[in-house]
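With UniProt numbering applied, the sequence shown corresponds to residues 1 to 205, in that order. Where is the CB? At the ideal position from N, CA and C, for every residue including glycine. Beneath this line is the structure, given in structure tokens, with notes to follow.
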Amino acid sequence: MSRMRKPAEERQAEIIETALQLLTHTPVEKLSTALVAKEVGITQAAIFRHFPTKDALWQAVLEDIERRAVNLWNDAVAKGTSPLERLAELIAAQLGLIAAYPAIPTLIFNAGQISAEDTLRPIHRRIMSGLRHRLLVEIREAAQTGQIPPAPSTEDCADLFLGLVQGTVLRWKLSDRSFDLIREGRRIATIQIGLLRGHKAGDDK
């Protein structure tokens, strides 16, 4: 029985999706193109027709994560009717992406285990700086419109919320994903926003 060949773009997307799913339970350093090929149901040679090297596959995976993240951030910003609502939606969107693809933190924070590190590092930076920039935009607008006091450094606030995302993900992973990541992120973000609103000029001196 002959198997119908999929269009190249569709096959590439399938390979990337499979790699992400395998990383959920396979250490990054042990994920081989042979394993990905077996899971997809094609030969290893077929993998290399789409991605000439394993490093090229890793690059495609990270670029796909970046694309998904940007789309989710755009949707999050469109949902919120105020800067602080958009801030909370951005955090929920990022956590939602990680909940759907738990391998993402592995790729971003354990990238030193991947031989393509020099190629991937700029993509890692773009993802993290992209999220930080989105958070910073909303925090600055919240300060400018009087929703939060102007005293705290907006840069520091953005770093705090970025740390909130990273810390919540770390707890989730260490607890073997024992809680709802998005719900917990929203809860902590609400607390953090409340503390920020309660900040008075001079409190940071």
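Between A78 and I193, the C-beta gap is not smaller than 8 Å, which leaves the two residues out of contact.
In this structure, E138 and L90 form a Cβ contact; the two beta carbons are roughly 7 Å apart against a cut-off of 8 Å. Rounded to the nearest angstrom, the Cβ distance from G96 to L135 is 16 Å, too far for a contact under 8 Å.
T53 sits in coil when the DSSP states are folded into three classes, being neither helix nor strand. The alpha-carbon of V28 is positioned some 44 Å away from that of Q144.
Residue state for D180 is assigned as coil, using DSSP reduced to three classes. In the structure shown, S129 falls within a helical segment according to DSSP collapsed to helix, strand and coil. Distance between I98 and P105, taken at the CA atoms: about 7 Å.
Counting other Cβ atoms within 10 Å of its Cβ, I191 stays below 16 and is therefore classed as exposed. Excluding residues up to 5 positions away in sequence, A37 lie with their Cβ nearer than 8 Å to the Cβ of T43 in the same chain. In the DSSP assignment, I98 falls within the unbroken alpha helix (DSSP H) covering 83-100.
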